[in-house]
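Order-wise, the sequence lines are chains V and P. When the first sequence is numbered by UniProt numbering, its final residue is 363 and no position is left out of the sequence of numbers. When the second sequence is numbered by UniProt numbering, its final residue is 363 and no position is left out of the sequence of numbers. Ideal Cβ positions, reconstructed from N, Cα and C, are used throughout, including at glycine. Quick caveat: nothing in here was measured; it's all calculated off a predicted structure. Here's the structure we're looking at; comments come further down.
Protein chains: 2
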Amino acid sequence: MTHEAGIPLGIKFKLLSDTPQDSAAQVVNDVVVGDYRDLETLRAFARGCDVITFDHEHVPTEHLRALEADGIPVRPGPDALVHAQDKGVMRRRLTEIGVPCPRHRIVEDPADVERFAHEVGGFPVVLKTVRGGYDGKGVWVVRDAAAAQEPFRAGVPVLAEEKVDFVRELAANVVRSPHGQAVSYPVVESVQVDGVCDTVIAPAPDLPEELSAHAQQLALTIAKELGVVGHLAVELFETRDGRVLVNELAMRPHNSGHWTQDGAVTSQFANHVRAVLDLPLGDPRPRAPWTVMANVLGGDYPDMYAAYLHCMARDPGLKIHMYGKDVKPGRKVGHVNTYGDDLDDVLERARHAAGYLRGTITE
Amino acid sequence: MTHEAGIPLGIKFKLLSDTPQDSAAQVVNDVVVGDYRDLETLRAFARGCDVITFDHEHVPTEHLRALEADGIPVRPGPDALVHAQDKGVMRRRLTEIGVPCPRHRIVEDPADVERFAHEVGGFPVVLKTVRGGYDGKGVWVVRDAAAAQEPFRAGVPVLAEEKVDFVRELAANVVRSPHGQAVSYPVVESVQVDGVCDTVIAPAPDLPEELSAHAQQLALTIAKELGVVGHLAVELFETRDGRVLVNELAMRPHNSGHWTQDGAVTSQFANHVRAVLDLPLGDPRPRAPWTVMANVLGGDYPDMYAAYLHCMARDPGLKIHMYGKDVKPGRKVGHVNTYGDDLDDVLERARHAAGYLRGTITE
């Protein structure tokens with residue numbers, strides 16, 4: 001999707017891909033297949049690149065520092081990206097700069113989890129491995145010390161967080177360029193099902209103006225203080241008492257910004273590319289009163305073709321984005337965007353299409 | 001741009017390109033470099049393709065028939081495409097099905113041109129080689145028989161047409177799928193400078209509703225009667241006495257439809273792909289009251305980078321589409337789209353950006 005957004009800008013991508021079957025590897029012209037965890041692979045790949053960016057945050061921080069030492073601009077740079085790679089570093093830094101977070105600390109063992117639970121008013125508490133989590137993986141909600149064994153098995157430091165009493169999840173998406181220009185997208189509501197993003201509503205319905213401005217300001221502050229270059233997604237909890245707390249950070253185009261492809265003047269992907277290349281940023285404003293994104297998860301049948309035809313025929317305004325992935329149950333294989341004046345209608349269209357493509361709606 | 005539109009649909013392109021430097025060859029993953037005029041090259045390329053389509057109309061008709069005979073679906077098929085390849089065939093067929101055209105006939109030599117001029121009320125008349133013309137090439141406006149020598153030099157049949165007294169040029173863009181579904185975009189005004197499209201305004205300002213509906217109906221009729229599959233652009237003259245006459249046909253995404261990338265719910269490129277694959281077509285309606293496309297022509301300086309930065313910074317809502325081509329004076333190297341509520345503003349923004357990128361506006 002970043003390549004797609006780069007085409008009109010005249011940007012030539014070179015892709016380092018795990019396999020030739022990866023989504024991006026199917027559509028980019030210049031593809032190198034290799035392991036991003038191997039420094040020599042990265043070095044050989046980076047030779048001749050003007051700038052390096054990412055569509056995930058798993059490239060080891062020390063390798064990125066080595067590329068920078070070789071003189072290759074890495075954006076976002078490792079000093080920023082580490083906050084999206086390591087939840088312990090992220091919590092420490094956000095707290096230092098006064099950004100509201102759930103209460104948290106690194107815990108040593110299940111007994112320490114029990115002590116932490118006591119400090120924050122009791123179980124349940126949330127445990128996270130500080131590295132490697134994604135879409136609910138690496139995250140546990142534990143109800144007692146006995147259930148707190150598993151997170152420690154990976155040998156990675158474990159972060160404990162209070163279980164926030166939130167009314168919903170929000171996301172504030174901003175983009176920042178090396179010379180410090182920044183743009184902010186409207187704050188969205190992100191509806192999670194089983195720890196995976198299901199639907200995003202832009203803008204977040206009934207969000208008080210003041211809280212929206214506060215959330216955008218927090219995201220801009222984080223981008224600036226951490227030196228982020230490119231897209232920054234700040235996932236937030238809206239608490240029952242009207243505050244926002246930062247849940248997670250991502251420093252790349254993010255699922256909570258996919259709506260911008262069809263719903264904003266400039267998509268998150270285009271603005272990420274513009275930021276990484278230090279081009280002036282594009283207008284982040286919405287093009288319609290409401291835009292809804294719904295993820296298409298793989299269902300029980302591997303061939304979506306008939307469902308795909310049905311959805312296109314049923315709704316000629318539906319914007320489908322497929323990733324060229326093999327369908328596996330629960331895997332994100334695409335998303336749909338809908339937009340319009342009537343939120344109920346826009347929501348229904350997106351949810352119907354996503355459900356139909358998954359096979360959970362059959363009429 | 002067709003590849004760009006195919007990515008979200010999950011369509012895998014294989015490209016036959018003249019050179020590795022062609023615009024599409026820079027961004028498509030699977031590229032074969034070869035000569036589209038060579039049947040064996042085409043045959044080898046087509047093996048394994050589900051369907052073949054084009055971004056120009058120069059593949060020889062008889063080669064397309066050979067591919068069809070091999071069992072490869074060609075869309076638009078040669079029986080339709082020949083009308084966009086051969087202006088003589090096009091005029092004959094449009095006249096047969098009652099579509100209004102300028103008066104015309106094939107002429108044999110300069111003396112015959114003089115006779116034709118006499119038949120239509122005198123010089124000037126327009127001469128066109130029936131094949132191979134593009135952007136003003138292969139077209140001559142001649143003021144007397146002495147000036148009518150050149151068109152005959154190529155050894156290609158020459159079509160003479162009356163010089164229409166038009167107030168402006170319009171274009172009606174429609175898309176038709178193999179099972180006969182069709183969509184029609186708003187009729188646009190196309191402003192030509194030196195025989196090359198300069199600006200497109202969507203919809204055409206002050207076009208009477210009735211004439212607009214008539215133009216769209218003509219385009220739909222042509223698409224149906226000629227069996228077009230994919231995008232059909234019908235270039236029209238709006239005459240001083242309130243009629244429309246067909247000027248040219250193109251059976252592929254067309255410059256007069258580039259505004260749809262940012263101005264319509266579904267772009268011409270996306271709908272062309274959907275049609276060629278017999279997928280249900282997308283909504284062709286505009287997303288803004290006014291959208292303007294302005295072509296970026298190469299200017300005197302080969303490096304557009306500074307101008308590119310300036311335009312992005314000046315207008316964060318400007319949608320830039322660059323083709324990755326080397327800049328040569330007068331060559332189409334990209335286009336810009338602008339949209340909004342106020343036509344004067346939208347026009348000024350597009351023209352300023354295109355002029356600035358070309359170097360004809362410097363402030």
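**Asked** According to DSSP, what are the bridge partners of R105/P?
**Response** By one-based count along the second sequence, residue 105/P stands at place 105. A160/P.
**Request:** With 7 Å as the C-beta to C-beta threshold (strictly closer), list the residues of the region 8–24 of chain P near chain V in chain order.
**Result:** P8, L9, G10 and K12
**Message:** Determine whether the beta carbon atoms of I106/P and G121/P lie at a separation below 8 Å.
**Reply:** Sequence index remark: in the second sequence, residue 106/P carries index 106 (1-based). Sequence index remark: in the second sequence, residue 121/P carries index 121 (1-based). No, the pair does not count as a contact, with Cβ atoms beyond the cut-off.
**Prompt:** Excluding five sequence neighbours on each side, which residues of the same chain lie with their C-beta closer than 6 Å to the C-beta of K328/V?
**Reply:** On the first sequence, position 328 is the one that residue 328/V refers to. Only G298 meet the Cβ criterion.
**Item:** DSSP state of N173/V mapped onto helix, strand, coil
**Value:** As a working mapping, residue 173/V is identified with position 173 in the first sequence. Here N173/V sits in strand by DSSP.
**Message:** Considering Cα atoms alone, identify which of L347/P, V265/P, Y36/P and G324/P is closest to Y339/V.
**Reply:** Start at 1 with the first residue of the first sequence, and residue 339/V comes out as number 339. Nearest option by C-alpha distance: V265/P.
**Prompt:** Which bits of chain V does R287/P rub up against, with CB to CB less than 7 Å?
**Reply:** Your numbering for residue 287/P matches position 287 in the second sequence. Residues of chain V passing the Cβ test: R287.
**Message:** Going by DSSP, what residue range makes up the alpha helix (DSSP H) through G263/P?
**Reply:** Locating residue 263/P in the second sequence gives position 263, counting from the first residue. T260 to G263 is the extent of the alpha helix (DSSP H) around G263/P.
**Item:** Minimum Cβ-Cβ distance from N29/P to chain V less than 8 Å
**Value:** In the second sequence, residue 29/P corresponds to position 29, counting from 1. Yes - at least one Cβ of chain V is within 8 Å of the one on N29/P.
**Request:** Check each residue of the region 311–330 of chain V: if its Cβ is closer than 7 Å to any Cβ of chain P, include it; give the result in chain order.
**Result:** M312, A313, P316, G317, I320, H321, M322 and G324
**Prompt:** So V336/P and A313/P are in contact, right, with Cβ under 8 Å, and what is the actual spacing, rounded?
**Reply:** One-based indexing of the second sequence puts residue 336/P at position 336. One-based indexing of the second sequence puts residue 313/P at position 313. Going by Cβ atoms, the distance from V336/P to A313/P rounds to 14 Å, so no, they are not a contact pair.
**Item:** Spatially closest choice to R306/P from D262/P, G359/P, R287/P and D278/P, by CA coordinates
**Value:** Position 306 of the second sequence holds residue 306/P. A small fix is needed here, since residue 306/P is Ala in this sequence, not Arg. The shortest C-alpha separation from A306/P is found at G359/P.
**Asked** Between D278/P and G77/P, what straight-line distance do the alpha-carbon atoms span, to the nearest angstrom?
**Response** For this step, residue 278/P is matched to residue 278 along the second sequence. For this step, residue 77/P is matched to residue 77 along the second sequence. D278/P and G77/P: Cα-Cα distance of roughly 14 Å.
**Asked** Can you pull the DSSP bridge partners for D30/V?
**Response** Translated into positions along the first sequence, residue 30/V becomes position 30. K14/V, per the DSSP bridge assignment.
**Item:** Rounded C-alpha distance that separates P316/P from V229/V
**Value:** Numbered from its first residue, the second sequence carries residue 316/P at position 316. Numbered from its first residue, the first sequence carries residue 229/V at position 229. In a straight line, the C-alpha of P316/P is about 18 Å away from that of V229/V.
**Request:** Tell me, please, whether the CB atom of P186/P is closer than 8 Å to any CB atom in chain V?
**Result:** Translated into the one-based positions of the second sequence, residue 186/P becomes position 186. Answer no: the Cβ-Cβ gap between P186/P and chain V never drops below 8 Å.
**Asked** In whole angstroms, what separates the C-alpha of V333/P from that of G10/V?
**Response** By 1-based counting over the second sequence, the position of residue 333/P is 333. By 1-based counting over the first sequence, the position of residue 10/V is 10. One C-alpha to the other measures close to 10 Å.
**Message:** Measuring only the C-alpha atoms, how far is A69/P from D35/P?
**Reply:** Residue 69/P sits at position 69 when you count from the first residue of the second sequence. Residue 35/P sits at position 35 when you count from the first residue of the second sequence. About 20 Å.
**Message:** Buried or exposed for P253/V, going by 16 or more other Cβ atoms inside 10 Å?
**Reply:** Working through the first sequence from its first residue, we reach residue 253/V at position 253. Classification of P253/V: buried, given that the 10 Å Cβ count is 16 or more.
**Prompt:** Between which two residues does the alpha helix (DSSP H) containing Q216/P stretch?
**Reply:** To locate residue 216/P, count along the second sequence from 1; it is residue 216. Counting along the chain, the alpha helix (DSSP H) containing Q216/P begins and ends at E209 to L226.
**Asked** Where does Q149/P fall in DSSP's three states?
**Response** By one-based count along the second sequence, residue 149/P stands at place 149. It is coil, neither helix nor strand.
**Request:** Throw me the rounded Cβ distance for the V51/V and V276/V pair, which I believe falls under 8 Å.
**Result:** Within the first sequence, the letter at position 51 stands for residue 51/V. Within the first sequence, the letter at position 276 stands for residue 276/V. Contact holds; Cβ gap of about 6 Å.
**For Q21/P and D326/P, the rounded distance between their alpha carbons** = If you number the second sequence from 1, residue 326/P lands on position 326. If you number the second sequence from 1, residue 21/P lands on position 21. Their Cα atoms are separated by approximately 9 Å.
**Asked** So, are the CB atoms of K128/V and L159/V less than 8 Å apart?
**Response** Translated into the one-based positions of the first sequence, residue 128/V becomes position 128. Translated into the one-based positions of the first sequence, residue 159/V becomes position 159. Cβ distance < 8 Å, so K128/V and L159/V count as in contact.
**Request:** Check each candidate in T53/V, L281/V, M90/V and G330/V and name the one with the smallest Cα separation from Y301/V.
**Result:** Sequence index remark: in the first sequence, residue 301/V carries index 301 (1-based). Of T53/V, L281/V, M90/V and G330/V, the residue nearest in Cα terms is G330/V.
**Request:** Run down chain A in chain order and give the residues with a C-beta less than 7 Å from the C-beta of G282/V.
**Result:** Given the protein chain composition of this structure (V and P), no chain A is represented.
**Request:** Determine which residues share a DSSP beta bridge with S190/V and list them.
**Result:** Translated into the one-based positions of the first sequence, residue 190/V becomes position 190. BP columns for S190/V point to E169/V and V200/V.
**Cβ of Q26/P within 8 Å of any chain V Cβ** = Within the second sequence, residue 26/P is the residue found at index 26, counting from 1. For Q26/P, the answer is yes, since a Cβ of chain V falls inside 8 Å of its Cβ.
**Message:** Could you pull the DSSP bridge partners for V183/P from this structure?
**Reply:** Here residue 183/P refers to the residue found at position 183 of the second sequence. DSSP lists V175/P as partners of V183/P.
**Asked** If we ignore side chains and look at the alpha-carbon of each, how far apart do G263/P and V292/V end up?
**Response** Numbered from its first residue, the second sequence carries residue 263/P at position 263. Numbered from its first residue, the first sequence carries residue 292/V at position 292. Cα to Cα, the separation comes out at about 19 Å.
**Proximal residues, the region 268–282 of chain P versus chain V, C-beta separation under 8 Å** = R274, L279, P280, L281 and G282
**Message:** Quick check on V265/P - is its C-beta less than 8 Å from some C-beta in chain V?
**Reply:** Here residue 265/P refers to the residue found at position 265 of the second sequence. Cβ-Cβ to chain V under 8 Å: yes for V265/P.
**Request:** Output yes or no for whether 8 Å exceeds the beta carbon distance between C101/P and L245/P.
**Result:** Numbered from 1 along the second sequence, position 101 holds the residue referred to as residue 101/P. Numbered from 1 along the second sequence, position 245 holds the residue referred to as residue 245/P. It is a contact, given that the beta carbons lie within the stated cut-off.
**Prompt:** If we ignore side chains and look at the alpha-carbon of each, how far apart do E248/V and V139/V end up?
**Reply:** Position 248 of the first sequence, counted from the start, is the residue given in the question as residue 248/V. Position 139 of the first sequence, counted from the start, is the residue given in the question as residue 139/V. For E248/V and V139/V, the distance between alpha carbons rounds to 12 Å.
**Prompt:** Does E189/P have its Cβ less than 8 Å from a Cβ in chain V?
**Reply:** Counting from one through the second sequence, the residue named residue 189/P turns up at place 189. No, E189/P lies away from the interface with chain V (no Cβ there is under 8 Å from its Cβ).
**Prompt:** If the cut is a Cβ gap below 8 Å, which residues of chain V does L309/P touch?
**Reply:** As a working note, residue 309/P is residue 309 in the second sequence. Correct list: L279 and P280.
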